[in-house]
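J.:
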Amino acid sequence: MLTYLYQHTPSLTVIDPRGLPARTIAYHRRDVEEDIAAHVHRQVFNAMGHLSQQWDPRLLELSEIAVGVQPNQTTLHSLSGQVLQSESVDAGWRVTCYDAAGLLCDSWDGREIHRRYHYDERMRPVSVFEHALEQCVERFTYAGSDEEDARNNRSGRLIRHDDQAGSLWYEHYGLLTQPLTETRRFCKSLTPPNWPASEADLQDKTYTTHWRHDALGAVVERTDALGHVQRFEVNIAGQPFACRLDGVALLKSTTYNAFGQVEIERAGNDVLSTACYSPVDGRLCRLNAEKAGGKMLQDLNYQYDPVGNIERIEDLAQPVQWFAQQRIQALSTYTYDSLYQLTNATGRESASQIIGPGLPWLEIFGAVDDSRWRNYSQTYTYDSGGNLTRLKHEAGAGNVYAREMVVDECSNRSIFKDDSPIEFDKAFDANGNGQALTPGQLMKWDSRNQLCQVTQVQRDEPDGQDDDVETYVYDGSGQRVRKVRRAKTRGGEQVSEVLYLPGLEIRTRTSGETMHTVVAQAGRNDVRLLHWEDGLRKGIDNDQLRYSLSDHLGSSALELDQNAELVCQESYYPYGGTAWWAAKSASEAKYKTVRYSGKERDATGLYYYGFRYYAPWLQRWINPDPAGDIDGLNLYRMVRNNPVSLQDENGFSPDVDILEKFESPGAFYERTGREFLYRAIRTMESEKLHPETGDKGKLPPDGDAFPELKDKHLERAAKYRSMKTWEGGDIVSTGPELKRLPLQHVSGDNQQSQYISTGTRGAAAYNTVYNWNSKGVGKERRKRPEKDWDPIIKIDVKKLDSGTKIYDMQQEGLKDRDRSDIGQLAEADAEVLISNKINASAIVSVFTNSADYNKFLEEYFPPAKSDGAAASPLVNKIKRSERGGSRRTVSESVADAPVEVFKKRAPIKPQSFRKRRLSS
């Protein structure tokens, strides 16, 4: 019977003879009672080693029973490795052509958009044409080499960039090539321009931003287009320390710990934010904020599972409430499946919660009606392709509903399940862009697959002039720089516009309101200065500062004014929808624009992430990833279905800083600057003797890392003479996720036949090194897989008992000599280390009695002959000076078994032995 959800769920990679990953296998289970399902990803490489086909588990399984199923991604490369054609079941097809210099010159996509790039003689881009090659949508102008250009340090540099939003001028450059000034002019029209004919369409108004840098190129001062000056200070280590806006302190001081993590911040309104980290693994365990008088505003406490998924968040600063025999507190819990996808979440929500893109009813501070709140529970179901197929929401008796999504059979495109006919060809265009936000709300996309218009309300006029629409305009880098919303009201047509400039937003309405929002980042506080030129509403202070206190994802949880008084408060569902929010007044709440994950929420209900829009009520992106398969083959999936522990900064892929805690520990330790060591030195002995040999030891437990090999392990174990088990936390010093990793060593009558078996409990997966003298290391056999799993573990020999001998023999570079490991090792080009820490990619043997150890030495390290020649090829390859002298006599006592160090200094030449995996 299984004890842990993650038991028997390793992650495996099958390597082909070229060392390329042909298969990756993950084992999925929602709870302990369910059967394990193998999710197999397939990769196909061409003769040059370029990735040509990719299949996710869902389509791969479908291809085995159906004809004509296409791979998720098909790629055609040139001989130089450049991508010429790609076809995605989600994003459609794309063809690209390059010139002799390797520069992109033409591209086509599934929407029949042809784009051509022109370059000058110095191979600099000068223009981009689209729409039947008659419309110049981008133009680049470079400085010459005259005296004025040299004086402004811009000789040969870009001085003008005409894009879809208007024109950008760069007049001055710094010594490190960074622009010192930037001037923007917007087009009058919202339609795509055609340069140079669109020169006459430019507005007269210009917006110029200035920067100052230090000697290392870091920004120390920024003056926005309206003259607001923001200054940045750093400490002696070059870390951000303080920030001022027009002389007013936004961030007064910052304190870091020894690992570069922020511990204390004092904001300009004297709110003190404190972050506490676990001394064991460095994860954030507490985040609080208190006013100058000591009143606690926020007190978030975090709990994690062993691999870094957040299991519990509780805000102890919020009061407990009671209603309908429910204890309602600011507590959220989370449960995951074996692939770390969120499967269940609990928390509290507003009793007026609605389904869809809208916000729940706003609560006003000071109300005493406890019926405003209720507890909720959400359950999520996914298919093998990572698509959310069902969400069940429960909030007490009579408040239960389920939302289901229908996924296209041959892609990851999905829509809501309802009574209307399902037509995926109409719901998505050829490039996978959604065509309707909700029924009746149409979406339009520009030639670069960027959302350019959403129709929120459709009216009867055929030309659409009476529709309520929101239009978006982007610059040449793909960032949104303009938003215009047109809506019909009783008083006529109302138009609101937002211009996005560096550190500044200019918001205007035809009703007469003009507001300037100065945007600053002051530590964990996103600070905004709201200044009204015209149309200041009654009851709102002009030039007010709003400090946004965020959680670990950057979501705005609290908004405070310059006096640290609460303006607005908000809480979110795991996938970003607003569970409840409250404010001092409805007029104050109207000007909150930044919400979930620190992103702006539009009137459509969509969150703008920089390169894509996210629909929180759909729990997915509304168009495929513009970066391709950078985050997997499902191009619509949000942060790998783990929205509580992962954050996406720009719409491409999750922030790996959190992810690396459980998927690539080494990168996380490199970031934090430390390696975590474990306590508790303990060797676990068996309470009974081996039934056949009489030696002490433990049989492999019921449930190994590889279920399909369990019976074979148990059958072989009866023949072994000695066994020993250690708890991974005692000797393993790699990462938090391996702390509970059990290691079993078994040594048999044949001292050359050794293996180490490691159980994973879902943290990682490791293979069994079956035969010390194997004749097929890394090769497949029909009866038993022989590919070696790369052990990403480090074992501290000093923490083992003195009767244990550990050998570490690197797999990289081993040659097939005499068809044995030791024979290959003798001619290896890899460095061989037997040290106090076993590295990754190693073959390991542990001796637990001196008899086995002596037999090993006698066979492979015989005493030197009288002429000084060694009888073993291994001894010939390793100098005696590197072994520390002649071989020492080994006592028959286990306690006297020595630990020696052998080194062969030769360059490592990685071959096909790198990262060996177990085949399926």
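Note that full-length UniProt numbering has the sequence shown beginning at 1, numbered continuously upward.
All C-beta atoms in this analysis are idealised placements derived from N, C-alpha and C, irrespective of residue type, glycine included.
Taking just the CA atoms, how far does W322 sit from W445?
T.: If you take the alpha carbons of W445 and W322, they lie about 48 Å apart.
J.: For the alpha helix (DSSP H) that contains L442, what are its first and last residues?
T.: Run containing L442: none; DSSP gives neither H nor E here.
J.: Check each candidate in E588, V320, D541, T514 and name the one with the smallest Cα separation from G535.
T.: T514
J.: For E33, count neighbouring Cβ atoms within 10 angstroms of its own Cβ and tell me buried if that reaches 16, exposed if not.
T.: exposed
J.: Quick test of your reading: Y304 and I313, contact by CB under 8 Å. State the CB separation rounded to the nearest angstrom.
T.: No, Y304 and I313 are not in contact; Cβ-Cβ is about 10 Å, not under 8 Å.
J.: State buried or exposed for Q378, treating a residue as buried only when at least 16 other CB atoms are found within 10 Å of its CB.
T.: buried
J.: Who are the Cβ neighbours of G110 in its own chain at under 7 Å, not counting the five residues just before and after it?
T.: Result list for G110: G92, W93, A430, N431, in chain order.
J.: Tell me, which residues are paired with H41 by DSSP?
T.: T24
J.: Using alpha carbons as the reference points, say which of D281, A317, R283, G308 lies closest to K291.
T.: A317
J.: On the DSSP bridge assignment, give the partners of L316 in chain order.
T.: Answer by DSSP bridge pairing: none, since L316 is not bridged.
J.: Report all residues from its chain with a CB closer than 7 Å to the CB of Y474; omit the five preceding and five following residues, and keep chain order.
T.: Q164, A165, Q450, R480, V481
J.: So for residue 921, helix, strand or coil by DSSP?
T.: Only positions 1 to 920 of the chain appear in this structure, which leaves residue 921 out of reach.
J.: Alpha carbon to alpha carbon, how far is N399 from P192? Give it in angstroms, no decimals.
T.: Taking C-alpha positions only, P192 is separated from N399 by approximately 47 Å.
J.: Would you mind stating whether S52 and L76 have Cβ atoms separated by less than 9 Å?
T.: Contact check for S52 against L76 passes: the beta carbons are separated by less than 9 Å.
J.: Report the option in D56, A289, Q7, I422 whose CA atom is closest to the CA atom of D299.
T.: A289
J.: Counting along the chain, where does the alpha helix (DSSP H) carrying S511 start and finish?
T.: S511 -> no alpha helix (DSSP H), and no H or E assigned at all.
J.: Output needed for N750: all residues of its chain with C-beta closer than 7 Å, excluding positions within five of it in sequence on either side, in chain order.
T.: Because the pLDDT at N750 is just 32, under 50, the model does not fix this residue reliably, and the value given afterwards should be weighed accordingly. Excluding residues within five positions, none has a Cβ falling inside 7 Å.
J.: Grouping DSSP H, G and I as helix and E and B as strand, with all else coil, what is D425?
T.: The answer is helix: DSSP assigns D425 an H, G or I state.
J.: In terms of residues, what are the limits of the alpha helix (DSSP H) holding L62?
T.: 57-63
J.: Quick one: Cα of R348 to Cα of W580, how far?
T.: Distance from the CA atom of R348 to the CA atom of W580, rounded to whole angstroms, is 8 Å.
J.: Are the CB atoms of N344 and Y636 nearer to each other than 9 Å?
T.: No, the Cβ-Cβ distance between N344 and Y636 is not below 9 Å.
J.: When the Cα of N152 is compared with those of T177, V307, D526, R327, which residue comes out closest?
T.: T177
J.: Starting from the C-beta of S511, find all residues in its chain whose C-beta is less than 7 Å away, skip the five residues before and the five after it, and write them out in chain order.
T.: Q494, G535
J.: Could you give the distance in angstroms between the alpha-carbon of S63 and the alpha-carbon of T24?
T.: Distance between the alpha carbons of S63 and T24: 17 Å.
J.: Which of helix, strand or coil does DSSP assign to R111?
T.: coil
J.: Where do the ends of the beta strand (DSSP E) carrying E409 lie?
T.: Neither: E409 is in no beta strand (DSSP E) and is coded neither H nor E.
J.: Please tell me whether N194 and C136 are closer than 9 Å, where the distance is taken between their beta carbons.
T.: yes
J.: For G366, which of L12, S645, C568, L84 has the nearest alpha-carbon?
T.: Checking every option, the nearest Cα to that of G366 belongs to C568.
J.: So, is K483 buried or exposed, given that buried needs 16 or more other C-beta atoms within 10 angstroms?
T.: buried
J.: List the residues that DSSP assigns as beta-bridge partners of W621.
T.: Y614
J.: From the DSSP output, in three-state form, read off D201 for me.
T.: helix
J.: Can at least three beta-carbon pairs, one atom from the segment 485-502 and one from the segment 213-220, be found at a separation below 8 Å?
T.: no
J.: Identify whether E588 lies in helix, strand or coil by the three-state DSSP scheme.
T.: helix
J.: Taking 8 Å as the limit between beta carbons, can you name the residues of its chain near D16, skipping five residues before and five after?
T.: A22, F45
J.: Tell me whether the beta-carbon of G628 lies closer than 9 Å to the beta-carbon of S88.
T.: Yes.
J.: Among the residues of its own chain, which have a CB less than 8 Å from the CB of R413, if the five just before and after it don't count?
T.: Contacts found: D90, V407, F424, A427, F428, G432, Y636.
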